[in-house]
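To start, the structure under review is shown below, and the notes come after it.
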Amino acid sequence: MLEEIAKMLGEQLDVDPSTITPDTDIIKDLGADSLDVVELLMGLEEKTGKTIPEDKVAEIKTVGDIAKVLETL
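Be aware that the sequence shown starts at 1, since it is given in full-length UniProt numbering, and climbs by one per residue.
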C-alpha cells in the first residue's frame, strides 16, 4: 500500500516516489495543500473501494498515516 500511495503522490505532486517514506509529511515535506490531500484520498478511495471516515482524515499527516487508516478499514 505504501508504494501505491508514494506513486500516486509522486504523480500528483511531481515528486520522485522513491524519496517518499512512511514518515514523509504530506504537507510539510512534499508541499501539498489541503486540496492535494483531498484529491489523493479520493483517488485512494476509488482505487481501494474503501471510504475513509471524515474523523480519520483529520488524523492524517504522513504517508504512513494514510496506510494505517486504510489497513484498519
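Glycine included, each C-beta is placed from N, C-alpha and C at the ideal position.
Check	Outcome
As a quick exercise: from Thr-48, Glu-45, Leu-30, Ile-26, pick the residue whose alpha carbon is nearest that of Ile-60.	Ile-26
What does a CB cutoff of less than 7 Å around Val-15 pick up in its chain, not counting 5 residues either side in sequence?	Leu-9, Leu-30
May I ask you to list the residues that DSSP assigns as paired with Thr-21?	Thr-21 pairs with nothing; no bridge assigned.
Is the beta carbon of Lys-50 less than 7 Å from the beta carbon of Leu-13?	no
Can you find the residues in the same chain that come closer than 7 Å, C-beta to C-beta, to Leu-2, ignoring five residues on each side of it along the sequence?	Pro-22, Val-63, Ala-67
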